[in-house]
Structure formats: C-alpha cells, structure tokens
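If you read the sequences in order, they're chains F and R.
When we follow our numbering, the leftmost residue of the first sequence carries the number 4, and every step to the right adds one.
When we follow our numbering, the leftmost residue of the second sequence carries the number 21, and every step to the right adds one.
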Amino acid sequence: MRELTILAKYPFLQDTRQFIKENGPSIDELLYNPPYERARIIGIERLDNALKHRDVGSRSLASESDCIMEILSYPLARMVAVCIGDPYFKKRYALGEASHMYKQLLNESTSFLLSIAKELDVTVQYNTEKNTIKIFFKNYLRNAPTRYKEWKIVNRGIRNGFLSVSHKDLARILLESLRKRINKELVTRKCDSNVYDLFSSDIKRFQYTLATQQKKMEATPVGKISVEKLPPCMTEVLAAIQSGENVPHMGRFSLVAFLSSLKLSTAEILKLFSTAPDYQEDKTKYQVEHITGASSSTEYKCPGCEKMRTYGICPVDKMDDLCKKIRHPLSYYNNKWKQEKQKP
Amino acid sequence: MRTGNSVQKSLEFLKNTFQTYYASNKVKLPERFGRREFAFVLFGGKGMVRHLGFDKSELLQEFLSERGAQHAYYSSAYYQYPTAPKMVEKNWLGAELIFDLDSDHLPNAEQMGYVESLLAVKKEFIKLIDDFLLGDFGFKEKYMELYFSGGRGYHCHVKDPAILDLDSNERREIVDYITGRDLQDSLIFHEQATGRKRYGGHSFTSGKSLKMPTPDQDGWKGRISRGIIDLVYEIKKSDNPQKRLEEYGVSVRDAERLVAELSEERMRRIQDGMLDQSKTIRKFFLNSALRKTAVALTAGETDEPVTCDVKRLIRLPSSLHGKTGLKVVKINIDELKEFNPLRDAVVLPEDPVRIALQKSVNIQMNNQHFHLENSDQEVPSYLAVFLIGRKQAILL
Ligand code: SF4
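What follows is the structure in structure tokens.
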C-alpha cells in the first residue's frame, strides 16, 4: 500500500479506493456525520475549482486527517458532479482532476509515472540503462494531442510499435487518458437521490452558473456572427474546443476557415479558442493566421460537406433538414439568415 | 460492324462465365461475416446494391452464382445491424485497418501499361508492408492479410485486435505517418557548432555545420538519413551525375557545385550525419529522400483519405474482379516479391472463345505469350474476359 499522502494526491488510484473500502466510513456516514463535514466542503471546492480554474486545486496534506479528508472529498465530488447532470460540466470536472494530476506528475520520479501509466492501462516500456520511456502507439494515438505538429507520429521516432517520449510527454498523455476515464465513468453513473438532496443548494448553484454561462455564450454574437445559425458540424467543433477536448487538426482548420469567411478577425477567433485547456496563445495565433492568410500567401477555404464527411467532421447523426439541401457549411449559415428574413 | 447487340452479348458472356465460376468455386468468407455489410455491382445493373447481409456462407455463394456479381464488396467494419439502411442505425463495432494501394494513385500512372503500373504499385506496397507495418508499427505477420485487388492494385488488411476500435482521426494519423505528411525539416536537420573561439574572456561559436540524423535512428529520422545516403550513392555512381541531378530538378548551377563537392571525404561525413550543404541542396535532399521512402498512398492533390474511412467497402477476398476476371487472391508475405497477377490470379477456364479486338495486344498471361493482331481471334476464356472487361475487345 502506498503512503497516505500519495493516496491523497492521486485519489483516483485503485489503492485509494481500496483504502476507503477498508478504513473509510460508510456512504451514510460520509454524507451525514459531522466529522466528515470538511471532506464534503473540499468535495464542493474541487468542483468549483475545476469549473473556474480547470484544476481541482491543492490543499495542505500535512496531517493524517488532512489526507483522509482529501481522499474522501474525491468520491463526494464525483457523486455531486453526476447529480449536476450537465455533460459540459462533467467534462470540465474530469479535465480539472486530470490537469491537477498532470502538474503533480511533473515532479514525480519516472518510476512513479510508470506505475500511474500502468494503472491507466497505458502500455509503456522503460529502459533503465538508457533511461528511455517508450509508449505503445495505440495509447499514443488515443491520448497525444496530435493536432500539434510536434506531436504527430511523423515527427517522432517509432519502432516496433513503440514511440519514445519524454517524462513530460508521458505526463501529458496520462492527463488525457485520465480525463477520458473519469468522464466516461461520470457519464455512465446515475445520480443518488440522497446526494442530490444533501447538496441540492450547491447543485442548483452550479446549474445556475452553467445556464448563465450558456446564455451568455449564445447571446454574445461571435464577432458579427450568430451562434445559433452555425451548422451542426461547426457547433460541434466549437463546443469540443471550448470544453478542452482533443479536436483533430482538420476540425480546427475547418472552423477557422469557416469563421474567417464570415469576416471574423484573428483576435475574435482566438477568443473563441482561449478556453481550451492547453491553449497556447502564440502557437494558436500562428496557426490561425496561417489559415486565414494573414501570415501566408494563401487564404484557405473551408471544405465542403462531402469532404467534411470523409474527414469525419460532419456529425452525420446531427444533420438536419437544411443540411440535406446544401453542400457547403457556408451555405447552411447563409440559408439560415435567409430563412429568418422570410419569417413574418 | 459491331452493334449494340455484341456489346450486350459480351456482357452476357462475362456474366455467364462468372456465374459458372461461382457455382463451383467457394468464396472464402471474412471473419465475423454475419456482422458485415455486403454490396454488389451486378452485370447490367445500375449502381450498387448495398446493405445486404448473409448469415450463412451458402446464401452468399447462392447469391453470387445466381446473380453473377460483377463486383463484390464487404464492409471493413462490423456492425450490430449490418443490413440497416442508414449508416447511423448500423451501430459500428469496429473495423480492420485497410490499406488500398491502387496504381491510379501513382503520380505518373497514365503513362504506364497494366503490367508496368502493377509493378510500380507493388514496389510501394512492399515498402508499406516491410518498412512501415512490420517495421515501424510492429504489426505481427499473423494479423496481416495481403491481397491482389484483382484490378490495378494491392490491399492489406490489418486485423490486430489492438487497432479494431481506432476512430478515423487515429487512422488518419497512421496514414499521415506513412505518407510523410507534415514532416518538419527542422526536426530532421539542425545546426551544430563545430568549434569555439575565445576573445577577451568570452567564448563564441565558430563555424556551424548542419547535422542530419544517422541511418540507425527510429522512424522518419533514420528513414530520411538512409534515403539521402542512397541518393548520394546513386548520383555518384551514375555515368553522368550532373545530368542525374538535373533530372531530379536541381538547377544546373547547384548540380555543378554539388557534384564538385561530393568527394569521398564528404560522402563519409554525410554517413556520419554531417550535411554541410546549402539550403537549396538540403531541401532537395529532404524532398527526394521523402519521395523515395514514403508510400504513395494518395493521388497527388486530391488527398482522399485511404484508410481513415472506418466504414468503407472493400473488395471481397476470393471474388472475381469484374473488369479483369482476375481473382482477389491472398498473397503470403514471403511470396509477395514473386507475385505475378497475370499468372497467379488467373482462375477462369481455358475454353476457347472468339473475340474481336479493337487494337493489337501483346500480353503474357497464365504462362503463355499472346501476340494478337487487331482482328477476330480465338483466345482462352480468361483472356477473353480480361480483354472484354478492359474494353479492348468484344465477343463475336
Ligand atoms: S451536412 Fe454539411 S453543414 Fe451539415 S453538418 Fe454536415 S458538413 Fe456541416
């Protein structure tokens, strides 16, 4: 069994779960007994931090009781996240836990990193003599942000199905893997009515914040464009970018080219991208300017529906009636405007 | 003269030959065939019949021999409901990784004849199999099935359980790797200081040299390095190195300089990873090495994803190709180099048939030479089907 502080720092571990099972309170005790009030407060704090800062935050782990409260706050936070119900919030929270782990992993030993990889079903090979880490390409494909050129396999070494990665790279890959895992778990769980009743005021507060955020996003026209007229494909890509998902290059490319055709400036486009978890201003700016033609001689055009479909960016199950009539996302948008004008 | 009637007759002949073939030759079914979608182009039919499913192999066999399908396909994906008419309703469960190399995708395919273009595709195919799939990605031989497409190319089906659930973006990343797309030259070449000088207590770098990767490095670094070394030797060994370079598109001036500079000593330095050349020459080396070592999977500009479509249809192994009558035969990896489609994929009978040729034909098929004038000829059925299918002849 690992040390208590490790369990507290990495509460998603199997060992932590085991620890709670063996030494922890029952669900009822956790929810209602006064000694666990602190764990309940930290649980909500995790959620608040995840929403606001994309990181569930650190607290002092000096005493044993600090550690125990921290450990117990994790299942509580998850239960409440499930009851809040909003898929965007679940993603946000999963990202908050995963980014928190990432930051801590940067300071851990390689052998610790490897043990976390194992726990997250990421297959790695470690060569002690050469101190090299290699990762199985499937795990890499699934979790590395390959939308950035330096992460593309073509710009890395691969042999026999394994790619060499640095300590930091591996931590980044584990971030994505943990994010996916937590999100998947949250999506499949059901809200416990006792949890809902106990935390109902917090749950409502979160729901209210999310609703106002949502409204604000819909109401603020992005530059001069109106969000509700975007075709399904663009809505999806935009939402995915904003909630910090790994959107493939082609998706980002299409969105930028699309927005730029609607006369959005680089600054306006950047603002849309700035909520992504690994948002890097200079890099994104460079990419955007390249596509919009501000820094290159060509101004790229958004691909048509057919090409979007071959690249898997057209969400076929979300296509509506208008989609069936048009052949380019831009005509979708223009058609929406026309439809509105025709309305009495 | 030839009327629409003989065109009709030719089609009937193809159909009958295919029907007879399927009546006595079993088609090998893909794994999980009950979960696959099947699709066919029928002789004389319009378009493709899709969304069919077969839960017994006899039913498929029956379909083929009764309808005499001109082209037979199945989905590389397997679904919960393979016969649902809408793609979304099928519920995708997974798909093999398919590589489809067709001579249409080669840069200068139009100028090549059938045999020549197939040889060129095979070269690309061998590169794909040996260097990339077995080498870099480390797929096991037991998970790889190689096929001649029956037409103008080769297919590889990768069945490794690890890749069945890859989505199309993940597949795209594999294709980008194999085609060398987005390779960044700054990651390949970098400058390195060769010496230091000291002035008044400060040290400065003096002289820079361009470092390129060494041949033993992983992935593209090693590949580019090996490509450049091969290229240098190829140029050096040729009778007229300068002309050779100009053929590669290097300007006369640069070619002159490069040839002058390619001393034995220089060549050794290149092998050790030192490429001290001007920017244009460096670019030339990179691009040529890239072209030489990447797999030409896509047709120049069009860039259609080859492998990324997780729902694509693929020619059914051991069926007949409707434009050639050749069989989609499985090839063992160690027999790939020797594989000759016009010998190893010929399965139709010898029975003589009379055809009218549009132009003279010179072809070696089934170990026989045929020199045929453009007149009426009697040829074995397999050749008749091949020529009629390729619209070079009609039935008499
Ligand atoms: S049909 Fe065209 S506009 Fe509609 S979602 Fe697909 S790509 Fe977008």
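For glycine and all other residues, C-beta sits at the position ideal for the given N, C-alpha and C.
This structure is a prediction, so every number in the text was calculated from the model and none was measured.
For residue i, go through chain F and note every residue whose CB falls closer than 7 Å to its CB, in chain order.
i	result
Trp-240 (chain R)	Val-157
Leu-207 (chain R)	Asn-158
Ala-182 (chain R)	Lys-141
Cα separation between residue i and residue j?
i	j	result
Thr-234 (chain R)	Tyr-94 (chain R)	44 Å
Tyr-35 (chain F)	Pro-14 (chain F)	21 Å
Arg-55 (chain R)	Ala-275 (chain R)	58 Å
Lys-266 (chain F)	Lys-274 (chain F)	15 Å
Val-69 (chain R)	Ser-180 (chain F)	41 Å
Lys-411 (chain R)	Ile-149 (chain R)	33 Å
Val-349 (chain R)	Glu-370 (chain R)	19 Å
Lys-310 (chain F)	Lys-257 (chain R)	45 Å
Asp-154 (chain F)	His-103 (chain F)	Note that residue 154 (chain F) is Trp in the sequence shown here, rather than Asp. Between Trp-154 (chain F) and His-103 (chain F), the C-alpha separation is close to 22 Å.
Thr-269 (chain F)	Phe-256 (chain F)	13 Å
Thr-313 (chain R)	Trp-340 (chain F)	50 Å
Ile-248 (chain R)	Ile-118 (chain R)	30 Å
Tell me, please, whether the CB atom of residue i is closer than 9 Å to any CB atom in chain R?
i	result
Thr-269 (chain F)	no
Glu-153 (chain F)	yes
Ile-176 (chain F)	no
Gly-296 (chain F)	no
Tyr-91 (chain F)	no
Gly-247 (chain F)	no
Tyr-303 (chain F)	no
Gly-88 (chain F)	no
Gly-27 (chain F)	no
Tyr-394 (chain F)	As shown, chain F starts at 4 and ends at 347. That puts residue 394 (chain F) outside it, with no answer to give.
Tyr-314 (chain F)	yes
Could you name the residues of the same chain whose beta carbon sits closer than 7 Å to that of residue i, not counting the 5 residues immediately before and after it, in chain order?
i	result
Thr-40 (chain R)	none
Met-72 (chain F)	Arg-41, Ala-42 and Ile-45
Met-82 (chain F)	Asp-195 and Val-198
Val-272 (chain R)	Glu-266
Asn-338 (chain F)	Leu-325 and Ile-329
Leu-178 (chain F)	Ala-101, Ser-102, Met-104 and Tyr-105
Which residues in the same chain as residue i place their Cβ atom closer than 6 Å to its Cβ, once the five residues preceding and following it in sequence are excluded?
i	result
Leu-49 (chain R)	Ser-77
Leu-362 (chain R)	Met-385
Asn-249 (chain F)	Pro-148
His-341 (chain R)	Gly-170 and Gly-171
Check whether the Cβ atoms of residue i and residue j lie closer than 9 Å to each other.
i	j	result
Phe-1 (chain F)	Ile-138 (chain F)	One cannot answer for residue 1 (chain F) here, as it falls past the ends of chain F, which runs 4 to 347.
Ser-137 (chain R)	Arg-172 (chain R)	yes
Leu-346 (chain R)	Phe-168 (chain R)	yes
Glu-116 (chain R)	Lys-179 (chain R)	yes
Leu-213 (chain F)	Tyr-336 (chain F)	no
Asp-151 (chain R)	Tyr-197 (chain R)	no
Gly-99 (chain F)	Asp-69 (chain F)	no
Asp-205 (chain R)	Lys-152 (chain F)	no
Glu-398 (chain R)	Ser-380 (chain R)	no
Leu-50 (chain F)	Ala-11 (chain F)	no
Met-164 (chain R)	Met-232 (chain R)	no
Cys-305 (chain F)	Phe-261 (chain F)	yes
Within 9 Å (strictly less), CB to CB, does residue i reach chain F?
i	result
Gly-320 (chain R)	For Gly-320 (chain R), the predicted model reports a pLDDT of 36, less than 50, meaning its position is unreliable; a value from the coordinates is still stated below. Answer no: the Cβ-Cβ gap between Gly-320 (chain R) and chain F never drops below 9 Å.
Ser-308 (chain R)	no
Asp-156 (chain R)	yes
Mind listing the chain F neighbours of residue i? Cutoff is C-beta to C-beta under 9 Å, in chain order.
i	result
Val-108 (chain R)	Val-319 and Asp-320
Gln-204 (chain R)	Lys-152, Glu-153, Lys-155, Val-157 and Asn-158
Once the 5 residues before and after residue i are set aside, which same chain residues still bring their CB inside 8 Å of it?
i	result
Phe-140 (chain F)	Ile-156, Ile-161, Gly-164, Phe-165 and Leu-166
Cys-86 (chain F)	Cys-194, Asp-195, Val-198, Tyr-199, Phe-202 and Ile-206
Met-287 (chain R)	Val-252, Tyr-253 and Lys-256
Find the residues of chain R that neighbour residue i, judging by a C-beta separation of less than 8 Å, and give them in chain order.
i	result
Ser-167 (chain F)	Asp-238
Leu-144 (chain F)	Leu-186, Glu-190, Glu-193 and Ile-194
Pro-251 (chain F)	Asn-189 and Arg-192
Thr-238 (chain F)	Within chain R, no residue comes near Thr-238 (chain F); the closest Cβ sits about 18 Å away, beyond 8 Å.
Along chain F, which residues have their Cβ under 8 Å away from the Cβ of residue i?
i	result
Tyr-197 (chain R)	Lys-155, Ile-156, Val-157 and Ile-161
Arg-201 (chain R)	Val-157
Identify the contact partners of residue i in chain R, using a Cβ-Cβ distance below 7 Å as the criterion.
i	result
Thr-149 (chain F)	Glu-193
Gly-99 (chain F)	Those do not exist, as Gly-99 (chain F) stays about 24 Å from chain R at its closest Cβ, beyond 7 Å.
Using a Cβ-Cβ distance cut-off of 9 Å, determine whether residue i contacts chain B.
i	result
Gly-60 (chain F)	Here the protein chains are F and R, and chain B is not one of them.
In chain R, what lies closer than 9 Å to residue i by C-beta?
i	result
Gly-164 (chain F)	Asp-156, Phe-157, Gly-158, Phe-159 and Ala-182
Gly-307 (chain F)	Chain R residues near Gly-307 (chain F): none, gap ~13 Å exceeds 9 Å.
Under 8 Å from any heavy atom of the ligand SAH, does the C-beta of residue i make it?
i	result
Tyr-335 (chain F)	Within the structure as shown, the ligand SAH is missing, the only ligands being the ligand SF4.
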